[in-house]
Amino acid sequence: MNGNAHPSIDHGLRGLKLERSVTPAQLRLTRPIGKIHEDHVTVKKITCLGSGFVGGPTSAVTAYKSNVEVTVVDINEQRIHAWQSEHLPIYEPGLQEIVYAARDGITAAFDDHTSEPLLESKGSLLSVIPSARVSARGKLFFSTEIEKAIEEADLIFVCVNTPTKSTGVGKGAAADLGFVENATRTIARVAKTDKIVVEKSTVPCKTAESIRAILSENARPGVRFNVLSNPEFLAEGTAIRDLLHPDRVIIGSMPTAEGYSAAASLVDVYSQWVPKERIITMNLWSSELCKLAANAMLAQRISSVNALSAICEVTGADVDEVSYACGLDSRIGPQMLKAGPGFGGSCFQKDIFNIVYLSESLNLNEVADFWRVIITMNEHQKDRFTRRIISCLFNNLTNKRIAVLGFAFKKDTSDTRESPAITLVSNFVAEQAHVAIYDPKVTEQQIWRELVDYGGSLEKLKLNVEVTQSAYAACEGADAVVVVTEWDEFSNKTKLDEQVVLSEIDPNQSISPKRFDKPREAHLPSPGKTGFENKTGGVTTARDFQLTVKSLAAEVGRLDWARIAQGMRKPRFVFDGRNMLDHQKLEDLGFRVEAIGKASRKAKESGN
Ligand SMILES: NC(=O)C1=CN([C@@H]2O[C@H](COP(=O)(O)OP(=O)(O)OC[C@H]3O[C@@H](n4cnc5c(N)ncnc54)[C@H](O)[C@@H]3O)[C@@H](O)[C@H]2O)C=CC1
Ligand SMILES: O=C(O)[C@H]1O[C@H](OP(=O)(O)OP(=O)(O)OC[C@H]2O[C@@H](n3ccc(=O)[nH]c3=O)[C@H](O)[C@@H]2O)[C@H](O)[C@@H](O)[C@@H]1O
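With UniProt numbering applied, the sequence shown corresponds to residues 1 to 608, in that order.
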């Protein structure tokens with residue numbers, strides 16, 4: 001066997017003809033994880049370094065679903081204290097329920113049939129069932145004692161941040177690996193027994209080589225480390241679902257007996273809740289690169305559809321119809337084709353820069369240019385949206401009040417990193433508008449922090465920006481409402497539409513909740529014939545779907561757009577940055593609606 005190849009991959013691919021008819025699923029099945037290493041350590045205790053958007057939810061689900069005890073530590077003690085409390089430091093649907101179960105032993109608030117948390121988009125079920133607390137202790141711990149937690153663990157997840165470098169060589173492009181290096185050095189210094197070190201943070205290809213070097217050079221005598229790559233693919237807002245039902249789990253190891261043995265130990269942990277055919281083993285460098293590759297490809301789809309949205313706005317084509325039609329091609333698929341104000345979040349931009357920098361370092365300049373255009377397009381989308389707003393508002397924003405609905409980079413998360421809202425608000429302020437911001441989950445402090453980081457002093461910002469506690473307060477007296485984040489509560493689509501969808505469903509049929517998100521009822525595929533798979537690739541039962549719809553129907557506080565209309569200055573503009581609103585209904589209420597990827601009123605009036 002080739003000494004550099006992983007046997008499980010070689011076994012699978014040897015003799016396999018890669019014809020178009022070979023589906024990814026078939027390819028996966030050719031990599032039998034069961035064959036990897038019989039003789040390996042059974043993991044009893046995991047320590048996770050980093051309690052952020054990945055470390056927290058990943059640890060909670062691991063503790064909840066497996067028989068392993070998980071301790072999460074962080075250099076940010078405040079964050080750990082929040083994880084130990086009733087007010088978790090991040091918002092993610094279902095997270096609170098899973099943490100309460102795994103940390104405190106609470107057993108209620110779970111679906112009787114699936115044993116999964118009943119996910120709600122508003123509030124926590126636990127608030128209505130305080131008596132659900134039981135005395136049994138959970139398997140999830142949050143601690144500030146980093147060294148003790150490292151010492152006790154068999155396996156260590158490294159889930160620390162890897163932001164884009166802001167100074168020095170590679171500034172603005174290369175990943176800052178300082179946090180990974182510090183974490184690695186702490187492990188090397190503290191560990192008194194052998195450890196499996198799992199790189200979960202997203203890192204440039206070949207980082208595991210540096211981690212291995214630091215660990216082996218600094219290890220105490222007799223202590224051995226095994227480094228694995230196990231990138232995380234969860235998306236914020238659906239993190240719990242993604243962790244419970246991942247499309248795939250990737251585990252990269254060194255092509256040595258020790259490497260395979262370490263991989264087998266981690267496979268054992270995941271196989272307690274992930275089907276074996278979804279756990280893929282491969283070499284370390286493929287594993288590191290496939291994470292960057294997945295993000296770059298996903299971001300590329302969004303920039304592609306956003307580029308098309310610009311053409312739609314001028315021609316009168318409708319971007320929702322175009323992307324829906326493209327998504328029906330099974331080779332393209334329906335996900336990540338929603339036009340918007342530009343992608344945000346902590347990873348897409350950072351990881352594309354990462355690939356750009358890697359390509360340039362390898363003297364692959366055309367390759368670097370190819371990936372860089374995705375970011376250029378993203379910036380262009382935010383700029384285009386700003387210009388459209390200015391143009392509609394008679395080329396003048398001075399002293400006009402703009403209500404910005406949503407500040408998080410997407411719905412169902414409190415995360416604001418790289419949110420398009422930051423750029424849009426800053427652009428409006430530069431035009432001397434008065435901006436009123438409302439977001440249901442982002443704190444006022446966080447909004448100020450982002451705006452100050454983007455540029456500007458807090459004192460000056462406060463002259464032109466206010467953060468309100470309700471959407472109505474933000475919209476009162478406004479000249480325009482700009483919907484930036486697609487929070488369900490901003491929707492004016494009736495629950496009746498949802499019930500119609502529900503009534504079409506045969507309860508015995510396996511269907512997907514995703515169709516619920518389709519932009520128009522007329523676009524819904526006929527139930528049971530074509531049903532989309534959900535993001536995790538799994539389908540859910542009609543019963544689960546009905547539960548989802550029921551909990552949505554029970555949701556309180558959808559915006560009353562008639563009330564908003566009453567308080568606004570005329571003409572009343574709504575800029576729908578997410579194509580989430582029923583435009584006809586808004587127009588009936590006297591709004592002028594402009595939306596991404598839809599012909600502007602001006603273009604329509606001039607007959608385009
Ligand atoms: N946010 C996301 O949706 C996803 C992020 N990732 C990747 O996962 C990694 C972590 O991302 P997030 O959780 O979003 O970052 P985050 O910034 O929310 O959390 C990272 C945490 O690590 C802590 N930390 C830093 N150095 C430490 C050390 N030496 N010991 C203990 N704790 C330490 C920080 O204080 C921070 O709380 C990044 O590489 C990111 O690219 C991967 C998939 C999804
Ligand atoms: O490495 C990461 O951090 C993660 O990055 C993304 O997850 P995330 O950034 O949390 O959220 P996405 O749902 O991918 O959305 C990213 C941005 O794209 C935008 N988007 C998404 C989908 C779409 O169709 N259109 C669109 O504009 C969202 O509004 C958001 O601003 C990937 O989806 C995850 O698989 C990956 O693990």
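In this text, a Cβ means the ideal position worked out from N, Cα and C, and glycines have one as well.
Inter-stretch contact (C-beta, 8 Å, three-pair minimum) for the segment 248-266 and the segment 219-235: Contact between the segment 248-266 and the segment 219-235 is present, because at least three Cβ pairs lie under 8 Å.
Please list, in chain order, all residues of the same chain as residue 458 whose beta carbon is under 7 Å from its beta carbon, the five residues on each side excluded. Closer than 7 Å at Cβ, skipping near neighbours: 448 and 452.
Check whether the segment 169-188 and the segment 81-95 touch, using three or more Cβ-Cβ pairs below 8 Å as the test. They do not touch, by the three-pair rule.
Check whether the Cβ of residue 387 lies closer than 6 Å to any heavy atom of ligand 1, and answer yes or no. Result no, Cβ not under 6 Å from ligand 1.
Rounded separation between residue 280 and residue 271 - CA only: Between residue 280 and residue 271, the C-alpha separation is close to 11 Å.
Endpoints, the beta strand (DSSP E) within which residue 594 is located: Run containing residue 594: 591-595, per the beta strand (DSSP E) assignment.
For residue 572, name the three-state secondary structure that DSSP assigns. Here residue 572 sits in strand by DSSP.
Tell me the start and end of each unbroken alpha helix (DSSP H) in the segment 307-383 that is at least 4 residues and wholly inside, in chain order. DSSP runs (the alpha helix (DSSP H)) wholly in the segment 307-383: 319-327 and 348-361.
Please classify residue 65: does DSSP put it in a helix, a strand, or coil? It is helical.
Per DSSP, what kind of secondary structure is residue 233 in: helix, strand or coil? Correct three-state label for residue 233: coil.
Kindly provide the ranges of any alpha helix (DSSP H) runs that are 4 or more residues long and lie completely inside the segment 237-292, ordered along the chain. Complete alpha helix (DSSP H) runs here, min 4: 239-244 and 257-270.
What whole-angstrom Cβ distance do residue 414 and residue 64 have, given they're in contact under 8 Å? The distance from the Cβ of residue 414 to that of residue 64 is about 21 Å, inconsistent with a contact at the 8 Å cut-off.
Determine which residues share a DSSP beta bridge with residue 196 and list them. Bridge partners of residue 196 according to DSSP: 155 and 226.
Taking DSSP as the reference, what is the three-state secondary structure of residue 203? Secondary structure of residue 203 (DSSP, three-state): coil.
Give me the residue from 362, 472 and 485 with the minimum Cα distance to residue 560. For residue 560, the nearest C-alpha among the options comes from 472.
Would you check whether ligand 1 has a heavy atom nearer than 6 Å to the C-beta of residue 632? Not covered by the structure: residue 632. The range shown for the chain is 1 to 608.
For ligand 2, any of its heavy atoms closer than 6 Å to the Cβ of residue 307? Ligand 2 has no heavy atom closer than 6 Å to the beta-carbon of residue 307.
Buried versus exposed call for residue 77 [16 or more other C-beta atoms within 10 Å across all chains shown]: Counting of Cβ neighbours within 10 angstroms places residue 77 among the exposed residues, the total staying below 16.
Any chance the CB of residue 157 is under 6 Å from a heavy atom of ligand 2? No, the beta carbon of residue 157 sits no closer than 6 Å to any heavy atom of ligand 2.
I'd like to confirm the pairing. Which residues does DSSP put opposite residue 480 in its beta bridges? DSSP lists 402 and 573 as the beta-bridge partner residues of residue 480.
Applying the 10 Å Cβ sphere with the 16-neighbour rule, what's the burial state of residue 381? Buried, because 16 or more other Cβ atoms sit within 10 Å of the Cβ of residue 381.
So, is residue 470 buried or exposed, given that buried needs 16 or more other C-beta atoms within 10 angstroms? With fewer than 16 other Cβ atoms within 10 Å, it is exposed.
From residue 169 to residue 336, what distance separates their C-alpha atoms? Roughly 33 Å separates the two Cα atoms.
Three or more C-beta pairs under 8 Å: does that hold for the segment 314-326 against the segment 350-368? Contact fails between the segment 314-326 and the segment 350-368, because fewer than three Cβ pairs, one in each stretch, are under 8 Å apart.
If I follow the unbroken alpha helix (DSSP H) through residue 426, where does it start and stop? Taken as a continuous stretch (DSSP letters only), the alpha helix (DSSP H) holding residue 426 covers 420-430.
I want to check one thing, is the minimum distance from the CB of residue 336 to the heavy atoms of ligand 2 below 6 Å? Under cutoff, so the answer is yes.
Apart from the five residues on each side of it in sequence, which residues of its chain come closer than 6 Å, Cβ to Cβ, to residue 476? Sequence-distant Cβ neighbours of residue 476 in its own chain, meaning closer than 6 Å and more than five residues away, are 567.
Would you call the segment 394-408 and the segment 434-448 touching, i.e. three or more CB-CB distances under 8 Å? As far as the Cβ criterion goes, the segment 394-408 touches the segment 434-448, which means the pair count is three or higher.
Note down the Cα distance separating residue 42 from residue 240, rounded to an integer number of angstroms. Approximately 25 Å, taken between the alpha carbons.
Between which residues of its own chain and residue 127 is the CB-CB distance below 6 Å, once the five residues before and five after are set aside? Note on residue 127: pLDDT 38, under 50, position unreliable in the model; the coordinate value appears next. For residue 127, where only same-chain residues beyond five positions count, there are no Cβ hits under 6 Å.
Ligand 4 heavy atom lying under 6 Å from the CB of residue 302: Ligands in the displayed structure: ligand 1 and ligand 2; ligand 4 is not one of them.
Less than 7 Å between C-beta atoms, sequence neighbours within five positions excluded: which residues of the same chain meet that for residue 390? So the qualifying residues of the chain are 397 and 431.
Reference residue 195; option with closest CA among 223, 385, 172 and 211: When only C-alpha atoms are compared, the closest one is 223.
Tell me the rounded alpha-carbon separation between residue 248 and residue 261. Residue 261 has its alpha-carbon roughly 20 Å from the corresponding atom of residue 248.
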